[in-house]
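Chains as they are written, first to last, in my numbering: chain S, 1 to 399; chain A, 1001 to 1399.
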C-alpha cells in the first residue's frame, strides 16, 4: 500500500504541508494506521514497533507469514499467526487509499498537524503504553503543549454538581496560572470546568477527543473546543471525520492517563468513565488523586471508591495536587506532642484569681518542685505572672 | 494507707455497696488510685501491674526504695528512682482518706459502680494501653456494655456542620440498630449526634467523660448524659467530683480509642481534638476511618488530613464502617473488563435501522467472521436480532 500512497500526488502534497519535514513515508504510513486500526490495537502497535510504520503497513496488508510478529510475541508462532490473521481481516476492509488521502487533506483544511514518534513535540510519556501506544496524534493548536511540563490530567463526571465544578475550576485555575498544563477530555461537567478555568487564567490546556479533531464533541462544547484549539491543543488518535464511538472514548482515556504526570478525579459517580481513566493511570504507575466530597452526593461516590479501593491519594487543593508528582508527601506530625504537666498546670490556673505554689500542686497533682520549675518557664513565655498575692495566668495574647 | 482505708467503716461500707464482691481491698485501693493519680500516669500504672493495687498504694505512699519499679523499667535503677521520687511528690498531696471515702460515697449516692480489672465487665481492650491503662472505671448505667461487641468509637468536631451531624446520625443510627455499641465523648456536635442517634433506635451507647460521672459536661448536655446513663453507660476514669480539665480530655481520648474495635472520625477541623483520638487509635493498631466531606468545608479538613497523612480508610456509610473490623476490605475490581469488539459492534448498531454483516465489519473495523461470531452471542443474550432486512440492536431492557 505504501507505493500507492506515495504515488498519490494529493496525499504526498497534503502530508508535506502537514509536516514540513523529510520523512514523508513514515508520516503517511502513520496517518494510514490511524485510519486502518482502531485506537489501542495491540497487533498494529507490535508491528509498528517491530517493522516501522511503512514496512508494517505493507506487511499488514500483504500475505507474508507472521514471523516478524512472532518474534515480538515471545516466539509463540501459533498465537502470532492467529492474531495476525484476525487483524488482517479487521484492517483490510478499511485500507483504502482514498480514506488516507481524505484524512490528510481534511487535516490540512482545518490546519491540524500530524505529530508522530520522533517529532520534537511527540510526548514520550505515551510510549509507556507500549503496544497500545498510538501510531500518531492529530492535533489542532499548539503541538508544543504535548511536551510542556508539568502536565496534570483532571477528569470527572459529566453529571457534575455545582460543588464539583467549583472545585475543578479552583484547582485547574490555580495549577494553570502557575504553569501546569491541564489535560482533560473536553466533556461536559468536570472536564469543561477544568478547561475553562485554564483558559480563564491564560493557562495551557489540552483536550483529548474520542472522535476526529474536526468534530466538536459534545455539540454544546463547539465554542469551548474552538477556544482550546486556539489557545491550547485539541488532540485525537482517530483521523478527521472519525465518529466518537464508545470504544474510542474508553481508548482515549488511556491517552489522558498516560500524558499527565498525575491524574486527579474531581467528581465521579459510582460507575463513571473517569474511573476507567483512573484505572489506566494506576496501571501506568502514574500518581492518582481523588477529590472527596459529601458522602451524601452520588457525584462523589466514584472518588470515594478510588480512595477506598484504589489507594488514590485524597487531594483537596492545587497545592496537594502538586505534591502528587515530584514533591514527596510530608510525613505525618499528627500525634500531639504536649507537655502534659504544662497543660495540667495552665488548666489549674486562672487569670482572675491568684494561687500559691502549694495550692497549684494540690490542684494539679504535681509536686511543688515541678510546679515551681514550670511556673518559671511559663513566666518567661509570658503565660503567667507572680505578684504579692501569688501566681495567676495572663490573659491569652492570641485566639 | 490501705490499713487506714480498710479501718474506715464508711469507706468499706460504700465499697461493699458499690461492688457486692469479696475483694474489697483491691476495689478500695483502685478507687484510691483514681483519686491520687491523674489519668495515664505511667508510674502509677507500672506499680499497679507490678505490685497489685493495694500493695502499690502502700508502696507509693511509703518510703521504700524503688526496686519494684526498677525491675519493670528494665533495671535502670537510676531512672526508676528519679521517676518514683517525682511521682511520690505528685501523689502525696492528694493521698487523703477523706477524698477516697468521698469518692466512694458520692458514687454510691448517684448509683454509680466501680469496674476494675478482673471484673466480668472490665473491658480487656483497655489493657492494650499497658502502663497507661486506667486503674479502674467509674460507671453510671449498664456496665455490661463495656464488654458488649462490636463497639465502634465515633468522634468528631464540636463545631460540626449540619452535614456532619446528619452523617453522624445516619451512621450511628444504622450501626446501633444492628447491635453495635456506639462509643463517644458526650461532647457537642458529632459526639452528641452519634449518642442521640443510638438512643433514638434503642441502641447501646457509651459516653466517656473527662470529669467525674456525677458531672454532666458540657452543661447543655445534662439531659443527654442522663439519658445515656439510663439507657447506656456514662464512664469516667477520675472520681466523682473531678473537674474536666484539658489534660483529662486528652487522656480520656485514649480510652475512647482503646475501647472501640475501630475509631471513625466523622468531621474534624484541621486541629480538632478528634485527631488526638485518631492518633491513639492508630498507635494502638485499631482500624481508623475518616468520613470525607466537601473540600470547601473547614469542618472536614481534619478528616481529609487523616486520609492523606494517617492512612485512615475513607468510609462513607455504616456498611463501610463495619468493614473496618473483622471483615476484610474487598479487593478492587475497578479495571473495567470489557470485550472491546463487543463494545465496538454494539456501538455500530442501531435499533432503528438494519445492517448487514459486511456493513458492520466496515463500520467496526472487525473482520466479517468476528462480526458474525459476536452477533451470534449477542443474539443469545437478547441484545440484537436478525430479520429479512439484516441485523439490528434491540431496545435496552434495563436502564
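Backbone N, C-alpha and C fix where the C-beta goes; we use that ideal spot for every residue, glycine too.
By the C-beta density criterion, residue 395/S is exposed, having fewer than 16 other C-beta atoms within 10 angstroms. Within chain S, the C-beta atoms nearer than 7 angstroms to that of residue 1316/A come from 295, 304, in chain order. No Cβ of chain A is located within less than 9 angstroms of the beta carbon of residue 384/S. In this structure, residue 343/S sits away from residue 360/S, with a CB-CB distance that is not shorter than 9 angstroms.
Ranked by how close their Cα comes to the Cα of residue 1204/A, the residues 1178/A, 1377/A, 1128/A, 1305/A have 1178/A in first place. The beta carbons of residue 213/S and residue 234/S sit about 5 angstroms from each other, so the pair counts as a contact at 8 angstroms. A direct Cα-to-Cα measurement between residue 254/S and residue 1297/A gives close to 33 angstroms. By the criterion of a C-beta distance shorter than 8 angstroms, residue 1001/A is surrounded in its chain by 1032, 1057, 1058, 1061, 1095, 1097, once the five residues flanking it on both sides are discounted. Residue burial annotation: residue 1065/A is exposed, with fewer than 16 other C-beta atoms found within 10 angstroms of its C-beta. Residues of chain S whose Cβ lies closer than 8 angstroms to the Cβ of residue 1370/A are, in chain order, 86, 89, 90. The DSSP-derived three-state label of residue 207/S is strand. Contact between residue 54/S and residue 25/S is confirmed by a C-beta separation of about 5 angstroms, below the 8 angstroms threshold. Look at residue 1110/A here: in three-state DSSP terms it is coil, with no helix or strand label. Per DSSP, the unbroken beta strand (DSSP E) holding residue 1289/A starts and ends at 1288 to 1290. Using a Cβ-Cβ cut-off of 8 angstroms, residue 46/S is close to nothing in chain A; its nearest Cβ partner there is about 16 angstroms away.
Neighbours of residue 1247/A in chain S, taken as residues at a C-beta separation under 7 angstroms, are given in chain order as 340, 343, 344, 347. When beta bridges are read from the DSSP output, residue 1263/A appears opposite 1153/A, 1288/A. Here residue 1124/A is exposed, its C-beta having fewer than 16 other C-beta atoms within 10 Å. As DSSP reads the structure, residue 1387/A sits in a beta bridge with 1390/A.
At a cut-off of 9 angstroms between beta-carbon atoms, residue 1308/A makes contact with chain S. Residue-level contact by beta carbon holds for residue 163/S and chain A, with a gap shorter than 9 angstroms.
Going by beta carbons, residue 1286/A and residue 1260/A fall inside the 9 angstroms limit. According to DSSP, residue pairing for residue 314/S in a beta bridge involves 290/S.
Taking one beta carbon from each stretch, the stretch 1139 to 1159 of chain A and the stretch 1268 to 1287 of chain A have 3 or more pairs nearer than 8 angstroms; the two touch. For residue 35/S, there is no enclosing beta strand (DSSP E); the residue is found in the alpha helix (DSSP H) stretching over 24 to 36. Relative to the Cα of residue 387/S, the nearest Cα in the group 356/S, 369/S, 362/S, 368/S belongs to 356/S. Excluding five sequence positions before and after residue 1137/A, the CB atoms of its chain that fall closer than 6 angstroms to its own CB belong to 1115, 1235, given in chain order. Restricting attention to 1210/A, 1340/A, 1148/A, the CA atom closest to the CA of residue 1187/A is found in 1210/A. Residue 1172/A is not a Cβ neighbour of residue 1207/A, given a cutoff of 9 angstroms. For residue 1048/A, the closest alpha carbon among the candidates 1293/A, 1350/A, 1341/A, 1135/A is that of 1135/A. With a 10 Å radius around the Cβ and a threshold of 16 neighbouring Cβ atoms, residue 1090/A comes out buried. If you check the CB distance, residue 1028/A and residue 1012/A come in under 9 angstroms. About 12 angstroms separates the CB atoms of residue 289/S and residue 268/S; that is not less than 8 angstroms, and the two are not in contact.
Around the beta-carbon of residue 377/S, fewer than 16 other beta-carbon atoms lie within 10 Å, marking it exposed. In its chain, beyond the 5 residues on either side, 361 have a beta carbon closer than 7 angstroms to the beta carbon of residue 367/S.
With contacts defined by Cβ atoms closer than 9 angstroms, residue 293/S and residue 229/S do not form a contacting pair.
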